[in-house]
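Student: Numbering (the working numbering), first residue to last: 719 to 1313.
Here's what the structure looks like:
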């Protein structure tokens, strides 16, 4: 790095030498002496050689060769010694003022060069030591008080520069060490961040794939269990079937918990606000918890301080999920006594905003003080003694708190061992007017009975078990069912038949549901047909998959595993709507379900 200063430093040095030579010649005899010209010529020659050597260094491909540094130090040493000869070469023996001026100029030049060469301690000392030693000797040989003063001053300055260049060199070493350490740390952090992002992406893809691969057979298991239940005769067989369905639902709950926790940790959880009646929502959740508490003799009650028509705008599904977790835990860990669900509103004194407070209080076993701060940690269950007594993935409370944070609130816990616990959820409130009630049309059983046999279902499903489940449930609804195994076969069927509804599976061989939907929409657009409603049947719960379904032209999504009631609602919603919009004859109606 010291070589970077050579061109500028040498230019300043030569300029100062020329100025001093001309000034001394003008002030002494009016003519520059021969000795002064010789000194100036020697300095210019040494400076030119010094610059030439630096240019060769810059053009060299082997800059790390230590010979370059030795050559630079030797050149600096020669220049310094030549500058030290300045007072000896100038005819100023009879002019004390000019002697002092020359000594001052050399001291300034030594300080300037030492500053420019601080990056290399030895180069800096090669610069100022020879010239200052020469000046010190020059002052000493003058034999005067002023000369003695100059000797002491220049020698002291030489010592100070020696010490300061060493100290500056150490500081530069420390700064360079910190810089390189920071660069290494930054690089390692960037690499770690990239690795973490790749791992997060891989984890998300793995969970999405595993969710799909587990939900698909789970849908078949739960569906077949519902179908087999109708054929059972003995009470014992029904009880065993109940255990089978309960195990399947528990597995589904674990899968959903893992996926929700993964989304929350990745910051990909999106809310779907809607207008909900808050007392009705809380009452629904509390009623279900009360049923679960009957087996243990628990009194599960609700204390609501809100009006019955208290409507708010929030994600009702996620709030239910939070309350299900809190009430479920309260019932699980309470052997006797009661569980109370309290609902109230209050104004936050700090912000002045309206807040919702939901409290779940139980008379259960309680939580030790050292465990209260850990109850919201993932996969953590209080005290290993309870792990065999209570089922669960250990994600419920963690997910509940993360959901509260996503909704702009918080979830806290107060507990005493042997007395019970209070989980307190605080959320921001946005009250809205009650929605207008649209009267439902009077049912016409005769018309439904007349239309049902006229509907045909085309089931497009590559999984034979899921095809059996969907086909049987649709036939039990009074619908006629045809079956295709992929999107291409569905298009072939549509070329010869008409459909009222498409329930489209997304992942199938030969042609997937997305491409099949695009082909259907394109054909309808060309023919000017009334668009057939298309509802996706997918085992994936990813928001990206649902968005892809909408972008492909589908009207809705139904996630597997679904219940018979979910399928019935979809059929009623879209078949009746299409019946109002379509003017086709009843005898030619077809219902396409591409599952």
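Beta carbons are placed, not taken as given, at the ideal position from N, Cα and C, and that holds for glycine.
Is the region 938-952 close to the region 1182-1193, with three or more CB pairs under 8 angstroms?
Tutor: Contact between the region 938-952 and the region 1182-1193 is present, because at least three Cβ pairs lie under 8 angstroms.
Student: For residue 1051, name the three-state secondary structure that DSSP assigns.
Tutor: Residue 1051 sits at position 333 when you count from the first residue of the chain shown. Here residue 1051 sits in coil by DSSP.
Student: Report yes or no: do the region 1119-1137 and the region 1062-1070 share at least 3 C-beta pairs separated by less than 8 angstroms?
Tutor: At 8 angstroms Cβ cutoff, the stretches do not touch.
Student: In this structure, how does DSSP classify residue 1076 when only helix, strand and coil are distinguished?
Tutor: As a working note, residue 1076 is residue 358 in the chain shown. Note: residue 1076 maps to strand in three-state DSSP.
Student: Is the CB-CB distance between residue 1010 and residue 1118 below 8 angstroms?
Tutor: One-based indexing of the chain shown puts residue 1010 at position 292. One-based indexing of the chain shown puts residue 1118 at position 400. No, Cβ-Cβ distance for residue 1010 and residue 1118 is not below 8 angstroms.
Student: Going by beta carbon distance, what residues of the same chain come within less than 8 angstroms of residue 736, once the five residues before and after it are set aside?
Tutor: Position 18 of the chain shown holds residue 736. Same-chain partners within the cutoff: 758.
Student: Less than 8 angstroms separating the beta-carbons of residue 1061 and residue 1018?
Tutor: On the chain shown, position 343 is the one that residue 1061 refers to. On the chain shown, position 300 is the one that residue 1018 refers to. It is not a contact, given that the beta carbons lie outside the stated cut-off.
Student: Does the beta-carbon of residue 1170 have 16 or more other beta-carbons within 10 angstroms, so that it is buried, or is it exposed?
Tutor: Position 452 of the chain shown, counted from the first residue, corresponds to residue 1170. Summary for residue 1170: the model assigns pLDDT 45, below 50, so the residue's position carries little reliability, and this model does not support an answer.
Student: In chain order, which continuous runs of the beta strand (DSSP E) of length 3 or greater are located wholly inside the region 951-1013?
Tutor: Counting whole runs of 3 or more residues, the region 951-1013 contains the beta strand (DSSP E) stretches 992-995.
Student: Assign residue 824 to one of two classes, buried (16 or more other C-beta atoms within 10 Å of its C-beta) or exposed (fewer than that).
Tutor: The count along the chain shown starts at 1 and reaches residue 824 at position 106. Label assigned to residue 824: buried.
Student: Considering only residues of the region 845-925, which uninterrupted alpha helix (DSSP H) runs meet the minimum length of 4 residues and lie entirely inside it, listed in chain order?
Tutor: Runs found: none.
Student: DSSP state of residue 1107, grouped into three classes?
Tutor: For the purposes of this step, residue 1107 is taken as residue 389 along the chain shown, with counting starting at 1. Low confidence applies here, because residue 1107 scores a pLDDT of 45, under 50, leaving its location unreliable; read the following figure in that light. In the structure shown, residue 1107 sits in coil (DSSP, three-state: anything other than H, G, I, E or B).
Student: Identify, in the order they occur along the chain, each residue of the same chain with its Cβ nearer than 7 angstroms to the Cβ of residue 808, setting aside the five sequence neighbours on each side.
Tutor: Along the chain shown, one-based indexing puts residue 808 at 90. Only 742, 754 and 820 meet the Cβ criterion.
Student: By the DSSP assignment, the beta strand (DSSP E) with residue 1063 in it spans what residues?
Tutor: What you label residue 1063 is simply residue 345 of the chain shown in a count that begins at 1. Taken as a continuous stretch (DSSP letters only), the beta strand (DSSP E) holding residue 1063 covers 1056-1065.
Student: Contact between the region 1270-1286 and the region 1197-1216: three or more CB pairs below 8 angstroms?
Tutor: Touching, no, given that fewer than three Cβ pairs across the two stretches are closer than 8 angstroms.
Student: Rounded to whole angstroms, what is the Cα-Cα separation between residue 1166 and residue 953?
Tutor: Along the chain shown, read from residue 1 onward, the residue named residue 1166 stands at position 448. Along the chain shown, read from residue 1 onward, the residue named residue 953 stands at position 235. Residue confidence for residue 1166 is low, a pLDDT of 42 falling below 50, so the modelled location carries little weight; the figure read from the coordinates is stated next. Residue 1166 and residue 953: Cα-Cα distance of roughly 34 angstroms.
Student: Out of 1021, 1022 and 1007, point me to the one whose CA is closest to residue 1015's CA.
Tutor: For the purposes of this step, residue 1015 is taken as residue 297 along the chain shown, with counting starting at 1. Out of 1021, 1022 and 1007, 1007 has the C-alpha closest to the C-alpha of residue 1015.
Student: Grab the span of the alpha helix (DSSP H) containing residue 1137 for me, first residue to last.
Tutor: Locating residue 1137 in the chain shown gives position 419, counting from the first residue. Note, residue 1137: premise wrong, no alpha helix (DSSP H); not H, not E.
Student: When you compare each of 1143, 884 and 1081 to residue 1052 by their alpha carbons, which one comes out closest?
Tutor: Within the chain shown, residue 1052 is the residue found at index 334, counting from 1. For the residues 1143, 884 and 1081, the minimum Cα distance to residue 1052 belongs to 1081.
Student: In or out: residue 1222 buried (at least 16 other Cβ within 10 Å) or exposed?
Tutor: To locate residue 1222, count along the chain shown from 1; it is residue 504. Under this definition residue 1222 is a buried residue.
Student: Does the region 836-850 touch the region 772-782, meaning 3 or more C-beta pairs lie closer than 8 angstroms?
Tutor: Counting Cβ pairs under 8 angstroms, fewer than three are found: no touch.
Student: Considering residue 1201, what are the terminal residues of the beta strand (DSSP E) in which it resides?
Tutor: Position 483 of the chain shown, counting from 1, holds the residue named residue 1201. Here the beta strand (DSSP E) through residue 1201 covers 1198-1202.
Student: Here's a check: name, in chain order, each residue in its chain whose Cβ is nearer than 7 angstroms to the Cβ of residue 1260, leaving out the five neighbours to either side.
Tutor: Sequence index remark: in the chain shown, residue 1260 carries index 542 (1-based). If we look at residue 1260 and ignore the five residues flanking it on each side, its Cβ neighbours are 926.
Student: Just to confirm, is the Cβ distance from residue 1124 to residue 982 under 8 angstroms?
Tutor: Numbered from 1 along the chain shown, position 406 holds the residue referred to as residue 1124. Numbered from 1 along the chain shown, position 264 holds the residue referred to as residue 982. It is a contact, given that the beta carbons lie within the stated cut-off.
Student: Residue 1018 bridges to which residues according to DSSP?
Tutor: What you label residue 1018 is simply residue 300 of the chain shown in a count that begins at 1. Residue 1018 pairs with 1057.
Student: Look up residue 1254 in the DSSP assignment and give the residues it is bridged to.
Tutor: Counting from one through the chain shown, the residue named residue 1254 turns up at place 536. Its beta-bridge partners are 1222 and 1275.
Student: Could you check how far apart the C-beta atoms of residue 1055 and residue 980 are, in whole angstroms? I think they sit under 8 angstroms.
Tutor: Locating residue 1055 in the chain shown gives position 337, where the first residue counts as 1. Locating residue 980 in the chain shown gives position 262, where the first residue counts as 1. In fact, because the Cβ distance is near 36 angstroms, the residues do not count as touching under 8 angstroms.
Student: According to DSSP, simplified to helix, strand and coil, what is residue 1095?
Tutor: Residue numbering aside, residue 1095 sits at position 377 when the chain shown is read from its first letter. Note: residue 1095 maps to coil in three-state DSSP.
Student: What's the gap between the Cα of residue 882 and the Cα of residue 905?
Tutor: Numbered from 1 along the chain shown, position 164 holds the residue referred to as residue 882. Numbered from 1 along the chain shown, position 187 holds the residue referred to as residue 905. Cα-Cα distance, rounded: 34 angstroms.
Student: Determine the burial state of residue 729: buried for a count of at least 16 other Cβ atoms within 10 Å of its Cβ, exposed for fewer.
Tutor: On the chain shown, residue 729 is found 11 positions in, with the first residue counted as 1. Exposed: under 16 other Cβ atoms inside 10 Å.
Student: On the three-pair Cβ rule with 8 angstroms, is the region 1233-1243 touching the region 1202-1211?
Tutor: The region 1233-1243 vs the region 1202-1211: in contact.
Student: Please list, in chain order, all residues of the same chain as residue 1041 whose beta carbon is under 6 angstroms from its beta carbon, the five residues on each side excluded.
Tutor: On the chain shown, position 323 is the one that residue 1041 refers to. Cβ neighbours of residue 1041 beyond the five flanking positions: 1003.
Student: Taking C-alpha atoms, which residue in 1228, 911, 970 and 1027 lies nearest to residue 935?
Tutor: The residue you call residue 935 lines up with position 217 of the chain shown. Of 1228, 911, 970 and 1027, the residue nearest in Cα terms is 970.
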